[in-house]
Amino acid sequence: MSIPTRVALVTGGAVRVGKAIVVHLAARGWAVAFTYRTSGRAAEALRQELESEGCSALALAADLDDARTRRALIDETLAHFGRLDALVNNAAVFPRTDFAALDEPGLLAVLQTNLVAPLMLARDSADALRTSRGCVVNLLDVLAQRPIRGHLPYLVSKAALEAATRVLAVELAPQARANGIAPGIALFPDDYDDATRHRLVRRTLLGRAGSPEEIARAVEYLLVGAPTMTGQVLILDAGRSIPS
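Numbering-wise, this note's numbering comes out as the position in the sequence shown, counting from 1, plus 9.
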């Protein structure tokens, strides 16, 4: 098998925003490895769909909380494709957490998935990314800048990952880069009713939600369209983070 020109590893790539990123990059000639945890059927269907369209894809079952599994993801991607140009840290958990019921195990579990795993994947892929002069893209959340009640572990993890993105830029320089994307509303949780969705959209300056496809285009821009951008965060929130 010939070595592809560009290879990306996308965590949580079988569904929702992650799937949009995988599909977008594959359509633009990237070979894409993507992980899933519980969405096995969706992952296999996506892999088959991409390969039927002539794209190179690799679906990898992974518990990102496990150190050996994370290292194996990098090794399998390199063994299969021969290089790595991009790590897109998309996988995350979004639990609702009542502050009065906050406990240490619950907090640490969210930090493990949303902060520790992305940083360890960046560390484990650093050599390959330096070789290819590649880039890490961390998926963040604009709510880390304008917090809401009921999601303390999640928002703390995303705020920490945003800060870590700047530190990663320093650690990976000068050969590789790290940037982030902080979306506002791109996809609602499945349990949000129409009234809740409309109320949240009305809070934005533009009065509309974003889309997974917009995020995917932003990922591509950070990977290939802005070769001197590092340590920065793109905010895609329809103006929600701007006080009005």
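Think of the CB as a built atom: it goes at the ideal place given N, C-alpha and C, for glycine as much as any other residue.
Using DSSP's beta-bridge definition, name the partner residues of A70. According to DSSP, A70 bridges with Y45.
Per DSSP, cross-strand counterpart(s) of I190: DSSP, once it has assigned bridges, lists L148, L243 as partnering I190.
Excluding five sequence neighbours on each side, which residues of the same chain lie with their C-beta closer than 7 Å to the C-beta of E85? Sequence-distant partners of E85 (beyond 5 residues in either direction) whose C-beta falls short of 7 Å from its own C-beta, in its chain, are L69.
Thinking C-alpha only, which one of A109, V179, T140, I30 is nearest R92? The residue with the shortest Cα to Cα distance from R92 is T140.
Using CA coordinates, which residue listed in A101, V233, D112, P114 is at the minimum distance from L149? Taking each of A101, V233, D112, P114 in turn and checking the Cα distance to L149, the smallest one comes out for A101.
May I ask you to verify whether the stretch 103–116 touches the stretch 51–65, counting CB pairs closer than 8 Å and requiring at least 3? The stretch 103–116 makes no contact with the stretch 51–65; the number of CB pairs closer than 8 Å stays below 3.
Would you please state the rounded distance, in angstroms, between the beta carbons of L215 and G240? I believe it to be under 8 Å. With a Cβ gap of about 27 Å, L215 and G240 do not count as contacting.
Cβ pair A95, G143 closer than 8 Å: Judged by their CB atoms, A95 and G143 are nearer to each other than the 8 Å cut-off.
Beta-bridge pairing of T106 - partner residues as DSSP gives them: DSSP links T106 through a beta bridge to H160.
Excluding the 5 residues preceding and the 5 following T78 in the sequence, name in chain order all residues of the same chain whose CB lies nearer than 8 Å to its CB. Cβ neighbours of T78 beyond the five flanking positions: A71, D72.
What is the rounded straight-line gap between the Cα of D252 and the Cα of T213? Checking the sequence, you will find Pro at residue 252 rather than Asp. It is roughly 10 Å from the alpha-carbon of P252 to the alpha-carbon of T213.
Where V146 and D202 are concerned, what is the direct C-alpha to C-alpha distance, given to the nearest angstrom? Between V146 and D202, the C-alpha separation is close to 31 Å.
Inter-residue Cα distance where the pair is A52 and R25: Here the alpha carbon of A52 sits roughly 11 Å from the alpha carbon of R25.
Distance between beta carbons of I194 and V210, contact taken as under 8 Å: So it is a contact: roughly 6 Å between Cβ atoms.
Beta-carbon within less than 8 Å of P104's beta-carbon, same chain only, minus the 5 sequence neighbours each way: which residues are those? Same-chain partners within the cutoff: G115, V119, H160, P162, Y163.
Candidates A135, A172, D200, of which the one nearest A255 by Cα: The first residue shown for the chain is 10 and the last is 253, placing residue 255 beyond what the model contains.
Would A40 be called buried (16 or more neighbouring beta carbons within 10 Å of its own) or exposed? Its Cβ being crowded by 16 or more others within 10 Å, A40 is buried.
By alpha-carbon positions, which one of A225, M129, A227, F197 ends up nearest to E180? Residue M129 holds the alpha-carbon nearest to the alpha-carbon of E180 among A225, M129, A227, F197.
Which residue's Cα is closest to the Cα of F90: L170, L232, P13, P192? Ranked by Cα distance from F90, the options L170, L232, P13, P192 are led by P13.
Run of the alpha helix (DSSP H) containing L96, from where it starts to where it stops: Taken as a continuous stretch (DSSP letters only), L96 belongs to no alpha helix (DSSP H), being part of the beta strand (DSSP E) at 95–98.
Cutting at 8 Å between CB atoms, please list the residues of its own chain near H33, excluding the five before and the five after it. Same-chain partners within the cutoff: E222, A225, R226, V228, E229.
For V31 and F43, what's the separation of their Cα atoms in angstroms? Taken atom to atom, the span from the alpha-carbon of V31 to that of F43 is near 7 Å.
Excluding five sequence neighbours on each side, which residues of the same chain lie with their C-beta closer than 8 Å to the C-beta of V242? The beta carbon of V242 sits closer than 8 Å to those of L149, E171, T174, N188, G189, I190, A191, all from its chain and outside the five residues before and after it, given in chain order.
Since L177 sits in a beta bridge, which residues does DSSP pair it with? Paired residues: none, contrary to the question.
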